[in-house]
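Asker:
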Amino acid sequence: NLIEQCHISASTFIGFLFENYIDFYSLINDAAQVCDYLSLSEYILNDWETRLQLLTISSSIACRAVRLCNSMAINRGFKPMRKPQENDVKSRAQKNRTLLSVNKLYYGCSEEEYFTTMLPYQACLLKMSHSSLINATNRSILDIGYIDRYSKK
881 NLIEQCHISA STFIGFLFEN YIDFYSLIND AAQVCDYLSL SEYILNDWET RLQLLTISSS
941 IACRAVRLCN SMAINRGFKP MRKPQENDVK SRAQKNRTLL SVNKLYYGCS EEEYFTTMLP
1001 YQACLLKMSH SSLINATNRS ILDIGYIDRY SKK
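Structure follows, in structure tokens:
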């Protein structure tokens, strides 16, 4: 009933709960317990999103967990709600996958070679750039770190 009154999707609602629940818990055990329930509800939601009944079940688990797991509530007055950072892990993974495939194409190497050789090399260059070359941009770091795969012996 509460989720219907909010007029937002179940995944967004659970994302809001994930982002904001910790401010109202004083005991770490209670916070850990509600985190487990929220994770369970998100798992149910992501695996079974095609079934309408499981949308309400996962939302219900999340709502009840936030309310029932708090044995010593904190009275802090008004707290503004923070929106979820990224309520869909799949979209974040897709963005990372796209970024990595663009870099892989830039270097013209196999996936295995990219992840075992090039990516650690880029990370090393980024660390060096932050400590000694503060004004370097990502593009110049990629240009500096370019290794032609055909020049290897």
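Sequential numbering of the sequence shown, starting at 881, is according to this note's numbering.
The C-beta atom is built at its ideal place from N, Cα and C for all residues, glycine as well.
Being a predicted model, the structure only gives us computed values, none of them experimental.
1. Taking only the alpha-carbon atoms, compute the straight-line gap between S891 and L907 and give it to the nearest angstrom.
2. Hey, out of E899, Y905 and S971, whose CA is closest to L948's CA?
3. Between which two residues does the alpha helix (DSSP H) holding F995 run?
4. What number of angstroms, rounded off, separates the C-alpha of Q1002 from the C-alpha of Q885?
5. Check the DSSP bridge columns for Y905 and list the partner residues they point to.
6. When the Cα atoms are used, what is the spatial distance from L980 to M998?
7. Quick check: the Cα distance between F946 and E899, rounded to an integer number of angstroms?
8. Can you give the Cα-Cα distance for L897 and D903, rounded to whole angstroms?
9. In angstroms, rounded to a whole number, what distance separates the CA positions of N926 and F995?
10. Near T1017, which residues of its chain fall below 6 Å by C-beta distance, leaving aside the five closest residues on each side in sequence?
11. Per DSSP, what kind of secondary structure is G988 in: helix, strand or coil?
12. By Cβ distance, which residues of its chain are closer than 7 Å to Q865, with the 5 residues on each side in sequence left out?
13. Label Y901 either buried or exposed according to how many other C-beta atoms from any shown protein chain fall within 10 Å of its C-beta, with 16 as the threshold for buried.
Answerer: In short:
1. Here residue 891 refers to the residue found at position 11 of the sequence shown. Here residue 907 refers to the residue found at position 27 of the sequence shown. Their Cα atoms are separated by approximately 26 Å.
2. Counting from one through the sequence shown, the residue named residue 948 turns up at place 68. Measuring from the Cα of L948, the nearest candidate turns out to be Y905.
3. On the sequence shown, residue 995 is found 115 positions in, with the first residue counted as 1. It is not in any alpha helix (DSSP H) - F995 carries neither H nor E in the DSSP assignment.
4. Your numbering for residue 1002 matches position 122 in the sequence shown. Your numbering for residue 885 matches position 5 in the sequence shown. Going from the Cα of Q1002 to the Cα of Q885 covers about 48 Å.
5. Locating residue 905 in the sequence shown gives position 25, counting from the first residue. For Y905, which the question treats as bridged, DSSP gives the partners A953.
6. In the sequence shown, counting from the first residue as 1, residue 980 sits at position 100. In the sequence shown, counting from the first residue as 1, residue 998 sits at position 118. Each residue's Cα considered, the two are about 11 Å apart.
7. Working through the sequence shown from its first residue, we reach residue 946 at position 66. Working through the sequence shown from its first residue, we reach residue 899 at position 19. Before going on, a small fix: residue 946 reads as Val here, not Phe. About 12 Å.
8. By one-based count along the sequence shown, residue 897 stands at place 17. By one-based count along the sequence shown, residue 903 stands at place 23. L897 and D903: Cα-Cα distance of roughly 11 Å.
9. Along the sequence shown, one-based indexing puts residue 926 at 46. Along the sequence shown, one-based indexing puts residue 995 at 115. Computed Cα separation, rounded: 28 Å.
10. Along the sequence shown, one-based indexing puts residue 1017 at 137. Note that T1017 scores a pLDDT of 48, beneath 50, so its modelled location is shaky; the value from the coordinates is reported in the next line. Here the set comprises nothing.
11. Taking the sequence shown and counting its residues from 1, the one referred to as residue 988 is at position 108. Of the three classes helix, strand and coil, the one that applies to G988 here is coil, per DSSP.
12. As displayed, the chain neither begins before 881 nor continues past 1033, which places residue 865 out of reach and without an answer.
13. As a working mapping, residue 901 is identified with position 21 in the sequence shown. With 16 or more Cβ atoms within 10 Å of its Cβ, Y901 is classed as buried.
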